[in-house]
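Participant: Chains as they are written, first to last, in our numbering: chain A, 2 to 293; chain S, 1326 to 1647.
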Amino acid sequence: MTLEALFYILVSAAVLGSLYAIMAIGLALVWTTLGIFNFAHGAFIGLGAYLAWSLADPSQLGLGLLAGIALALPILVLVGIASERVAVRPFLGRDNLVLVTVITTLAVASIIENAILLTWGSRAKQLEPLVEGTVSAWGIGVSAHEVAVILIVPFILAAVWAFLQKTRTGTALRAVAQNQNAARLMSIPVTRIFALSFALATVLAGLAGIFLGAVKFMSPSMGADPLVKALIVVIFGGIGSLSGPIRAAYIVGLMEAVLTFSVGIYWTQASLFLVMIAVLMVRPTGLFGKRG
Amino acid sequence: MTAARLLPKLYLLLAILGLLGLPFVVTDSYSRHLLILAFIFAVVASNWDLSLGYGGIFNFAHLAFFSIGVYGYGILAKTLGFSPWLAIPLAGLLSAIAALIVAIPVLRLSGVYIILVTFAFSQLVLQLVVSQSDITGGMMGMVGLPPLSLPGYNVVRDGKFAYYYGAVILLLASTVYLRVLVKQPFGVSVMALRDNAEYAISRGVSLARQRTLTLVASAVFTGIAGGYYGAYLRVAAPDAFGLGLMTLLLSMLLLGGTATVYGPIIAAVLLTFLSEAMVDFGAWRHLVIAAIMIAVLIFYPRGLWEALTRLHLWLVRRLDGR
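This is the structure:
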């Protein structure tokens, strides 16, 4: 293996890891606070990309990418709150909550994907990159957008961490995650915290979609594949914590980059799933999860 | 008292007569086609009910059992040249073996982790199918699978008459199998494990054995239905693993009502026709069906079967004059 190949593997691993981290943390956030698995997460990824495109693209409103992202985020917050209201809140307290919310979040995913299809059509679109051009170091060129993603994502993750650790609302959210009844007794508005965590997860998914929309062509079902990847990451890292999925995201990114290089794209996916099942069999609560 | 005992028998009689007589009323081959698909999905959904509804095992590999049946039929009947009549039961056997493999990681896990590992298993099977394009045709799938054959009778050009009765026999056999299974001590112990695992174990029920048996038992007719699907549509495609089909089957199960067997069957027929009736509405179709799904789950937590049960109780009261 040449040094150049190694460099490309590492860059690709960092890009994939960053995207997976930001996708998986939203999924893990909803799981830890609400105790449900959100299958609409992939649709939120697509929605974020399309909203930003509509606001930013010169052929549409043409506000520029930054304004597009800034305006897309509040819309995503509203969509997240509405989704929680429809797909989760009516079923809270039912004994089959986990199962029912699988189907209701799948239904929300279907509603959003088809709404995207009806609004924007099926023609492939692409967002403009965060930064134009390529960055070259030691004679090897990498797209500036990918470098930007690698650099920005740790800040987003740090912001989420700071919110959860340093603010009263973040503390309340973690309290709900740890013990709902105790949190309710401390007069924390539990259902409002649920809506908040859904909204936050939706924003994180939307950001992932915006980063992804400049790398790949956008389609209404563009989130399906990332959703499966985020699932792998969350299995790998364990769903009980938030730091587990982040570490796992970069490990899965590295594994995917190395596997794609060594065994080819077809075997990569199968190998990843095999590793996941093996991990779950040896450590049933994930690699970084607490032993239960 | 009499009405309460007689009515269920009457419903069953009417349902069986209806199933057998329907092709004489429904003569166009397209409606018959929809009925055949609905019956196949009814078998898959009601068998999923065994592991998910009765067993409480969040098994998301059920669709993989179906797809293994479809592809198993394709490989056995087309590539290896087995008779379709042999290949279909063998497809059921293959699915049962797959269920045995899934059981190994499932037994070590609980709750949402079972969703994750079974979902990962079905994705793994999908990736294997897609990557082995020499055997499975990759993304294109396998086409031109052999149809059923009857001596001296053309199965393909009879307005789907033979395939209809094949599907009815499959549905009836599967339903009898499921009803007998859940009434047996086996079914009772499986439900006991679902409702209170510790208590059931302390009364001598083996969690590992019953869970494994539940998964295997739910896979047999699912694989056979997969084989029949392959013989009927004569195609094996990776779509059979898709999130779309999984959503459809899961909604049949939850809309019909879990742990009822009959509920998912009724919901399968309703949803197949509802979805087909709205085919001209394009993307609106999926949107509306998703919204209906959420609404039914909000207002009928136990599914359509609950609504039908209420109707039945009302009827009993009226007939008994109370």
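All residues carry an ideal CB built from backbone N, CA and C; glycine is no exception.
#1: Strictly below 8 Å CB to CB, what residues from chain A border Pro1409 (chain S)?
#2: Please report the straight-line C-alpha distance between Val161 (chain A) and Gly287 (chain A), rounded to a whole angstrom.
#3: Starting from Ile135 (chain A), follow the beta strand (DSSP E) in both directions and report where the run begins and ends.
#4: Could you please tell me which residues of the stretch 263–293 of chain A, in chain order, have their CB closer than 8 Å to any CB of chain S?
#5: Would the stretch 74–82 of chain A and the stretch 141–159 of chain A be scored as touching if the rule is three or more Cβ pairs under 8 Å?
#6: Where Phe38 (chain A) and Leu1638 (chain S) are concerned, what is the direct C-alpha to C-alpha distance, given to the nearest angstrom?
#7: Do the stretch 1504–1517 of chain S and the stretch 1556–1573 of chain S make contact, defined as three or more Cβ pairs closer than 8 Å?
#8: Identify whether Arg292 (chain A) lies in helix, strand or coil by the three-state DSSP scheme.
#9: In whole angstroms, what is the alpha-carbon distance linking Arg248 (chain A) and Gly1567 (chain S)?
#10: Ser220 (chain A) by DSSP, collapsed to three states: which one?
#11: Tell me, to the nearest whole angstrom, how far the beta carbon of Glu85 (chain A) is from that of Phe164 (chain A); I am working on the premise that it is less than 8 Å.
#12: What is the residue span of the alpha helix (DSSP H) that Ser1543 (chain S) lies within?
#13: With a cut-off of 8 Å on the beta carbons, I'd call Phe1407 (chain S) and Ala1544 (chain S) a contact; round off their distance for me.
#14: Buried or exposed: Tyr1336 (chain S), going by 16 or more other Cβ atoms within 10 Å of its Cβ?
#15: Would you call the CB atoms of Leu1580 (chain S) and Ala1565 (chain S) closer than 7 Å?
#16: Is the shortest distance between the beta-carbon of Ile26 (chain A) and the beta-carbons of chain S less than 7 Å?
#17: So, is the C-beta of Ser111 (chain A) closer than 7 Å to a C-beta in chain S?
#18: Who are the neighbours of Thr33 (chain A) on chain S, taking C-beta pairs under 7 Å?
#19: Express the C-alpha separation of Met219 (chain A) and Ala1632 (chain S) in angstroms, rounding to a whole number.
#20: Taking the C-alpha atoms as reference points, what is the distance between Leu1325 (chain S) and Thr192 (chain A)?
#21: Taking only beta-carbon atoms, is Val236 (chain A) less than 7 Å away from chain S?
#22: With 16 other CB atoms within 10 Å as the buried threshold, where does Tyr1488 (chain S) fall?
#23: In whole angstroms, what is the alpha-carbon distance linking Gly293 (chain A) and Ile1439 (chain S)?
#24: What residue from S:Val1369, S:Gly1477, S:Val1351 has the CA that sits closest to Leu1573 (chain S)'s CA?
#25: Got a sec: is the Cβ-Cβ distance from Leu11 (chain A) to anything in chain S below 7 Å?
#26: Alpha carbon to alpha carbon, what distance is there between Ala178 (chain A) and Phe272 (chain A)?
#27: Enumerate, from N- to C-terminal direction, the unbroken alpha helix (DSSP H) stretches of 4 or more residues contained entirely within the stretch 1379–1458 of chain S.
#28: So what's Met1467 (chain S) in DSSP terms, helix, strand or just coil?
#29: With H, G and I counted as helix, E and B as strand and the rest as coil, what does DSSP make of Lys1485 (chain S)?
#30: At the level of alpha carbons, what is the spacing between Ala44 (chain A) and Asn1479 (chain S)?
#31: Counting only beta-carbon atoms, is Ala108 (chain A) nearer than 7 Å to chain S?
#32: To the nearest angstrom, how far is the alpha carbon of Arg1536 (chain S) from that of Gly1588 (chain S)?
#33: Going along the chain, which unbroken runs of the alpha helix (DSSP H) with 4 or more residues stay wholly within the stretch 98–130 of chain A?
#34: Can the beta-carbon of Gly1548 (chain S) be found less than 7 Å from the beta-carbon of Ser1420 (chain S)?
Facilitator: Put simply:
#1: The residue labelled residue 1409 (chain S) in the question sits at position 84 within the second sequence. Residues of chain A with a Cβ closer than 8 Å to the Cβ of Pro1409 (chain S) do not exist, since the nearest Cβ in that chain sits about 30 Å away.
#2: Position 160 of the first sequence, counted from the start, is the residue given in the question as residue 161 (chain A). Position 286 of the first sequence, counted from the start, is the residue given in the question as residue 287 (chain A). Between the alpha carbons of Val161 (chain A) and Gly287 (chain A) lies a distance of about 22 Å.
#3: To locate residue 135 (chain A), count along the first sequence from 1; it is residue 134. According to the sequence shown, residue 135 (chain A) is Thr rather than Ile. It spans 135–138 - the beta strand (DSSP E) in which Thr135 (chain A) sits, taken as one unbroken run.
#4: Tyr267, Trp268, Gln270, Ala271, Phe274, Leu275, Met277, Ile278, Leu281, Met282, Pro285, Thr286
#5: no
#6: Residue numbering aside, residue 38 (chain A) sits at position 37 when the first sequence is read from its first letter. Residue numbering aside, residue 1638 (chain S) sits at position 313 when the second sequence is read from its first letter. If you take the alpha carbons of Phe38 (chain A) and Leu1638 (chain S), they lie about 36 Å apart.
#7: no
#8: Taking the first residue of the first sequence as 1, we reach residue 292 (chain A) at position 291. Because Arg292 (chain A) sits at a pLDDT of 47, beneath the cut-off of 50, its placement in the model cannot be relied upon, and the point is left open.
#9: Position 247 of the first sequence, counting from 1, holds the residue named residue 248 (chain A). Position 242 of the second sequence, counting from 1, holds the residue named residue 1567 (chain S). Taking the straight line from one Cα to the other gives about 29 Å.
#10: Along the first sequence, read from residue 1 onward, the residue named residue 220 (chain A) stands at position 219. Three-state DSSP puts Ser220 (chain A) in coil, outside helix and strand.
#11: Counting from one through the first sequence, the residue named residue 85 (chain A) turns up at place 84. Counting from one through the first sequence, the residue named residue 164 (chain A) turns up at place 163. Not confirmed; about 18 Å, so no contact.
#12: As a first step, residue 1543 (chain S) is located in the second sequence; it is residue number 218 there, counting from the start. Its alpha helix (DSSP H) spans residues 1532–1558.
#13: Counting from one through the second sequence, the residue named residue 1407 (chain S) turns up at place 82. Counting from one through the second sequence, the residue named residue 1544 (chain S) turns up at place 219. With 8 Å as the limit, Phe1407 (chain S) and Ala1544 (chain S) do not qualify as a contact, their Cβ atoms being about 20 Å apart.
#14: If you number the second sequence from 1, residue 1336 (chain S) lands on position 11. So Tyr1336 (chain S) ends up on the exposed side.
#15: Here residue 1580 (chain S) corresponds to residue number 255 of the second sequence, with the count starting at 1. Here residue 1565 (chain S) corresponds to residue number 240 of the second sequence, with the count starting at 1. No, the Cβ-Cβ distance between Leu1580 (chain S) and Ala1565 (chain S) is not below 7 Å.
#16: As a position in the first sequence, residue 26 (chain A) is number 25, starting the count at 1. For Ile26 (chain A), the answer is no, since every Cβ of chain S falls outside 7 Å of its Cβ.
#17: Here residue 111 (chain A) corresponds to residue number 110 of the first sequence, with the count starting at 1. Yes, contact with chain S.
#18: As a position in the first sequence, residue 33 (chain A) is number 32, starting the count at 1. Within 7 Å Cβ-Cβ: nothing; Thr33 (chain A) doesn't reach chain S, min ~11 Å.
#19: Here residue 1632 (chain S) refers to the residue found at position 307 when the second sequence is read from its first residue. Here residue 219 (chain A) refers to the residue found at position 218 when the first sequence is read from its first residue. One Cα belongs to Ala1632 (chain S), the other to Met219 (chain A), and the distance between them is close to 42 Å.
#20: Shown here, chain S extends from 1326 to 1647; a query on residue 1325 (chain S) therefore has no answer.
#21: The residue labelled residue 236 (chain A) in the question sits at position 235 within the first sequence. Before going further, note that residue 236 (chain A) is Ile rather than Val in the sequence given. True, the Cβ-Cβ gap to chain S drops below 7 Å.
#22: One-based indexing of the second sequence puts residue 1488 (chain S) at position 163. So Tyr1488 (chain S) counts as buried.
#23: If you number the first sequence from 1, residue 293 (chain A) lands on position 292. If you number the second sequence from 1, residue 1439 (chain S) lands on position 114. Caution is warranted here: a pLDDT of 39 is assigned to Gly293 (chain A), below 50, making its placement in the model unreliable, and the coordinate value is therefore given only provisionally. Those two C-alpha atoms are separated by around 15 Å.
#24: Position 248 of the second sequence, counted from the first residue, corresponds to residue 1573 (chain S). That would be S:Val1369, whose Cα lies nearest to the Cα of Leu1573 (chain S).
#25: As a first step, residue 11 (chain A) must be located in the first sequence, where it is residue number 10. Cβ-Cβ to chain S under 7 Å: no for Leu11 (chain A).
#26: Locating residue 272 (chain A) in the first sequence gives position 271, where the first residue counts as 1. Locating residue 178 (chain A) in the first sequence gives position 177, where the first residue counts as 1. The question names Phe, yet the displayed sequence has Ser at residue 272 (chain A). C-alpha separation (whole angstroms): 33 Å.
#27: 1387–1398, 1409–1432, 1437–1456
#28: Here the question's residue 1467 (chain S) lines up with position 142 in the second sequence. Met1467 (chain S): strand per DSSP, three-state reduction.
#29: For the purposes of this step, residue 1485 (chain S) is identified with residue 160 of the second sequence, where counting begins at 1. DSSP places Lys1485 (chain S) outside both helix and strand once states are collapsed to three, so it counts as coil.
#30: Position 43 of the first sequence holds residue 44 (chain A). Position 154 of the second sequence holds residue 1479 (chain S). So the two alpha carbons sit approximately 46 Å from each other.
#31: Stepping through the first sequence from its first residue, residue 108 (chain A) is reached at position 107. So yes, Ala108 (chain A) belongs to the interface.
#32: As a position in the second sequence, residue 1536 (chain S) is number 211, starting the count at 1. As a position in the second sequence, residue 1588 (chain S) is number 263, starting the count at 1. Using only the alpha carbons, I get a separation of about 23 Å.
#33: 98–121
#34: Taking the second sequence and counting its residues from 1, the one referred to as residue 1548 (chain S) is at position 223. Taking the second sequence and counting its residues from 1, the one referred to as residue 1420 (chain S) is at position 95. Result yes, Cβ atoms of Gly1548 (chain S) and Ser1420 (chain S) sit closer than 7 Å.
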